[in-house]
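Worksheet: one structure, shown below.
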Amino acid sequence: MKLRVFQKPDKSYDIEVLDPQATIQDYLDAINYFIETTMEPPCRGCDECCWERIPLTSIDALTYVEKLAEQLDLEKNWPLLSFLKDYCYIYVEGPVVDISLGYTLEGACGFLNQEERICSNYMARSLVCQSFVCLESSEQAQELRSQLVNAGMDELVRLWLIQSQQAGQKPFMHEQHQAAPCLEDYPVNAFTGKVGYGQVLLKDVCTPELWGQIFRASDQ
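Here the sequence shown is numbered in the UniProt record's numbering, starting from 1 and rising by one per residue.
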């Protein structure tokens, strides 16, 4: 076991990394194991989390494109740009870019089957959805989730800017306020060139401060 998710006495959940080679996929596997074996029931049976903003990472978007390209009828030459335009929401304010899954007029995730109250694309759901636990979290567990999502979105923004330039297009935005996105503000990071969460080491994403808080060598 490379990572442990556990419940604290105050009923919140916390995380310990036991192996320096633990990946984001190990983190997601540990979260799922915790939900399945500890929480009763594992889900409250509602769809409240599907009515919140769902930020995307580069791996999330690439997974949607790979698994759902035909179903979503994406443009063949630039499928990622097509997905971002038609199924996401790109908000830009100055140099800051936020990319999330698109939502309905009512405010629900576009992939939520509202009649059955389930995700219509469960196997391709995003990092923020896979890592959601219907419990309060420790500060370090919350910070880990935030750093993973933020680094992944930074890489997605970088791809959006690069591919828009390669396609000879102005970057498409659904909403903008004095937009001034700049590629230099989105340098390569641990997500660059990765297409699966098993390829991204947690230690390569976390700040040194956070890594010092969550890493506990297994022989201690």
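C-beta: ideal position from N, C-alpha, C; glycine also.
Where asparagine 32 sits in the DSSP three-state scheme:
On the sequence shown, position 32 is the one that residue 32 refers to. Looking at asparagine 32 - three-state DSSP - the assignment turns out to be helix.
Take valine 92 and list the residues in its own chain whose beta-carbon comes closer than 7 Å to its own, dropping the five residues that flank it on each side.
The residue you call residue 92 lines up with position 92 of the sequence shown. So the list reads Met173, Gln176, Ala179, Pro181, once near-sequence residues are dropped.
Status (buried if at least 16 other CB within 10 Å, exposed otherwise) for threonine 37:
Counting from 1 along the sequence shown, the entry for residue 37 is found at position 37. That one is exposed.
CB leucine 68 to CB alanine 124, shorter than 8 Å?
Counting from 1 along the sequence shown, the entry for residue 68 is found at position 68. Counting from 1 along the sequence shown, the entry for residue 124 is found at position 124. A contact, by the Cβ cut-off of 8 Å.
Local Cβ density within 10 Å of lysine 194, reported as buried at 16 or more and exposed below that
Taking the first residue of the sequence shown as 1, we reach residue 194 at position 194. Buried, since its Cβ has 16 or more Cβ neighbours within 10 Å.
With DSSP as the reference, please indicate the residues paired to asparagine 113 in a beta bridge.
One-based indexing of the sequence shown puts residue 113 at position 113. In DSSP, asparagine 113 forms a bridge with Ile118.
Identified DSSP bridge partners for threonine 23:
Against the sequence shown, residue 23 aligns to sequence position 23. Answer is Leu201, bridged to threonine 23.
Along the chain, where does the beta strand (DSSP E) containing isoleucine 99 start, and where does it finish?
Taking the first residue of the sequence shown as 1, we reach residue 99 at position 99. Isoleucine 99 -> beta strand (DSSP E) spans 96-101.
Closest residue to aspartate 154 among Gly168, Lys76, Ile90, Glu139 (Cα-Cα distance):
Counting from one through the sequence shown, the residue named residue 154 turns up at place 154. When only C-alpha atoms are compared, the closest one is Ile90.
Reducing DSSP to helix, strand and coil, say where leucine 18 ends up.
Counting from 1 along the sequence shown, the entry for residue 18 is found at position 18. Coil, per DSSP.
Under 8 Å, do glutamine 25 and tyrosine 197 count as touching if we go by C-beta distance?
The residue given as residue 25 occupies position 25 in the sequence shown. The residue given as residue 197 occupies position 197 in the sequence shown. For glutamine 25 and tyrosine 197, yes; Cβs fall inside 8 Å.
Closest Cβ-Cβ distance between glutamine 166 and chain B: below 8 Å?
No chain B is part of this structure, which consists of one protein chain only.
How many whole angstroms separate the CB atoms of alanine 141 and aspartate 47, which I take to be in contact at a CB cut-off of 8 Å?
In the sequence shown, counting from the first residue as 1, residue 141 sits at position 141. In the sequence shown, counting from the first residue as 1, residue 47 sits at position 47. Contact flag wrong, Cβ pair sits at about 23 Å.
Determine whether the beta carbon atoms of leucine 101 and isoleucine 35 lie at a separation below 8 Å.
Counting from one through the sequence shown, the residue named residue 101 turns up at place 101. Counting from one through the sequence shown, the residue named residue 35 turns up at place 35. Cβ distance not < 8 Å, so leucine 101 and isoleucine 35 don't count as in contact.
Secondary structure at glutamate 93, three-state DSSP: helix, strand or coil?
Translated into positions along the sequence shown, residue 93 becomes position 93. Three-state DSSP puts glutamate 93 in a strand.
Neighbour-count burial assignment, tyrosine 186, 16 or more Cβ in a 10 Å radius
Within the sequence shown, numbered from 1, the residue matching residue 186 stands at position 186. The residue is buried, with at least 16 neighbouring Cβ atoms inside 10 Å.
Check arginine 125 in the structure and name its three-state DSSP category.
Translated into the one-based positions of the sequence shown, residue 125 becomes position 125. Here arginine 125 sits in coil by DSSP.
Suppose the cutoff is 7 Å on Cβ atoms and the five residues either side in sequence are ignored; what does the same chain contact list for leucine 159 look like?
Residue numbering aside, residue 159 sits at position 159 when the sequence shown is read from its first letter. Counting only Cβ-Cβ distances below 7 Å, and skipping sequence neighbours, we find Ser58, Leu80.
Beta strand (DSSP E) segment containing leucine 183, residue limits
As a first step, residue 183 must be located in the sequence shown, where it is residue number 183. Taken as a continuous stretch (DSSP letters only), leucine 183 belongs to no beta strand (DSSP E), as it is neither H nor E.
Measure from the alpha carbon of lysine 18 to the alpha carbon of each residue in Thr207, Leu202, Cys88, Leu105, then state which is nearest.
Taking the sequence shown and counting its residues from 1, one reaches residue 18 at position 18. At residue 18 the sequence reads leucine, which differs from the lysine that was named. It is Leu202 whose Cα lies nearest to the Cα of leucine 18.
Where serine 137 sits in the DSSP three-state scheme
Working through the sequence shown from its first residue, we reach residue 137 at position 137. DSSP places serine 137 in strand when its eight states are reduced to three.
Under a Cβ-count criterion, where at least 16 other Cβ atoms within 10 Å of its own Cβ denotes burial, should aspartate 213 be classed as buried or exposed?
On the sequence shown, residue 213 is found 213 positions in, with the first residue counted as 1. A quick correction: the sequence has glutamine, not aspartate, at residue 213. Under this definition glutamine 213 is a buried residue.
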